[in-house]
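As numbered in this note's numbering, the sequence shown has no gaps in its residue numbers, which increase by one up to the final residue, 82. Quick reminder that beta carbons are idealized off the backbone N, C-alpha and C, glycines included. In this text, all values refer to a predicted model and were calculated from it rather than measured experimentally. Here the structure comes first, spelled out in structure tokens, and everything after it is commentary.
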Amino acid sequence: MGVTEDLADELARDTIRIMEATGDEGLVAEVSNLLQASSTPTQEAFMAAIRVRLAVARARKLLQQKARAAKKTQDDT
Numbered sequence: 006m007g008v009t010e011d012l013a014d015e016l017a018r019d020t021i022r023i024m025e026a027t028g029d030e031g032l033v034a035e036v037s038n039l040l041q042a043s044s045t046p047t048q049e050a051f052m053a054a055i056r057v058r059l060a061v062a063r064a065r066k067l068l069q070q071k072a073r074a075a076k077k078t079q080d081d082t
């Protein structure tokens, strides 16, 4: 990735971590608005990284649930 994407991804990781720790669901929008005011390409890269990282986290959670359910089914037999 380029510098913009790398920095935006790092910022996205930090934002998600702080959002999860604080429960502040508006943090992504707040950071996004700040970035948009100064650098639209960085804001777009940030939002892309946020979407990808949150989607992957949801997919991993689903896979973990499926794996636990399968293990429970095996243990019950």
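Verify whether the separation of the beta carbon atoms of residue i and residue j is less than 8 Å.
| i | j | result |
| --- | --- | --- |
| residue 10 | residue 75 | no |
| residue 36 | residue 16 | yes |
| residue 18 | residue 63 | no |
| residue 14 | residue 54 | yes |
Sorted by chain position, which residues of the same chain lie with C-beta nearer than 7 Å to residue i's C-beta, five sequence neighbours on each side aside?
| i | result |
| --- | --- |
| residue 40 | 47, 48, 51 |
| residue 45 | none |
Once the 5 residues before and after residue i are set aside, which same chain residues still bring their CB inside 8 Å of it?
| i | result |
| --- | --- |
| residue 24 | 30, 32, 33 |
Within a Cβ cutoff of 6 Å, which residues of the same chain sit near residue i, ignoring the five residues on either side of it in sequence?
| i | result |
| --- | --- |
| residue 60 | none |
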